[in-house]
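Data first, discussion second: the structure below is written as structure tokens.
Written out as structure tokens, the structure is:
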């Protein structure tokens, strides 16, 4: 199946700093990517939908100025957590949908574990 | 997306079939049933999906009731590596990637 890669797999940062997480589709082009967040012992929550060449669409309650999303190419979307605080510590997961098909499965990355100290 | 209900946890003996149920009584006519699993500290993995017919692939079988209000994921010969959280999701197939995850079922395969 198609491969979606996230980088880094884990990151520790100091409170107040910004962290960038990359999501790449390795063997397909994705016009749409999705960002999820998962707190310990909880399910995945959709944060935003990232569209290539346009602004991301954020779910209710997600601060767009805190979670900056850039989808500058058909194979890369980035999520930047700005001014991170300990409560932003979470597992961030992206998924990408192949642009060639209209009704297909999206593929998930392996996730990025963010710890803010 | 229609809401789904799954048991919070299940155990299964290694080598036996694991049958994971899901209720989706409010499913609409054009919504599909998708199953994913998430092994600890990894991203979700697609397993199988279906509309109304039963489906089978190399990983599992999906049985959907005639009224489509419930379904069962069957892992025919569970192994220890199948221990994971299994999510049943109901959505339009055009919304690939944009899924509403419930709490899922934690399946523990025991030796």
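Residue numbers (this note's numbering), protein chains in the order written: chain A, 782 to 898; chain B, 220 to 330. Glycine residues also receive a C-beta, built at the ideal position from the N, C-alpha and C atoms.
Cutoff 8 Å: residue i Cβ touching any chain B Cβ
{"i": "residue 849 of chain A", "result": "no"}
{"i": "residue 884 of chain A", "result": "Confidence at residue 884 of chain A is low in this model, with a pLDDT of 46, below 50, so the placement of that residue is unreliable and no value is reported for it."}
{"i": "residue 842 of chain A", "result": "no"}
{"i": "residue 871 of chain A", "result": "no"}
{"i": "residue 891 of chain A", "result": "yes"}
{"i": "residue 859 of chain A", "result": "no"}
Burial state of residue i (16 or more Cβ within 10 Å)
{"i": "residue 893 of chain A", "result": "buried"}
{"i": "residue 821 of chain A", "result": "exposed"}
{"i": "residue 890 of chain A", "result": "buried"}
{"i": "residue 836 of chain A", "result": "exposed"}
{"i": "residue 881 of chain A", "result": "exposed"}
CB contact flag (residue i, residue j, <8 Å)
{"i": "residue 273 of chain B", "j": "residue 283 of chain B", "result": "yes"}
{"i": "residue 240 of chain B", "j": "residue 263 of chain B", "result": "no"}
{"i": "residue 299 of chain B", "j": "residue 237 of chain B", "result": "no"}
{"i": "residue 303 of chain B", "j": "residue 257 of chain B", "result": "yes"}
{"i": "residue 847 of chain A", "j": "residue 839 of chain A", "result": "no"}
{"i": "residue 819 of chain A", "j": "residue 826 of chain A", "result": "yes"}
{"i": "residue 866 of chain A", "j": "residue 898 of chain A", "result": "no"}
{"i": "residue 831 of chain A", "j": "residue 850 of chain A", "result": "yes"}
{"i": "residue 794 of chain A", "j": "residue 800 of chain A", "result": "yes"}
Short CB-CB distance (under 8 Å) between residue i and chain A
{"i": "residue 248 of chain B", "result": "no"}
{"i": "residue 263 of chain B", "result": "yes"}
Endpoints, the beta strand (DSSP E) within which residue i is located
{"i": "residue 303 of chain B", "result": "303–311"}
{"i": "residue 229 of chain B", "result": "228–232"}
Problem set entry | Whole alpha helix (DSSP H) elements within the stretch 811–887 of chain A, 4-residue minimum | none
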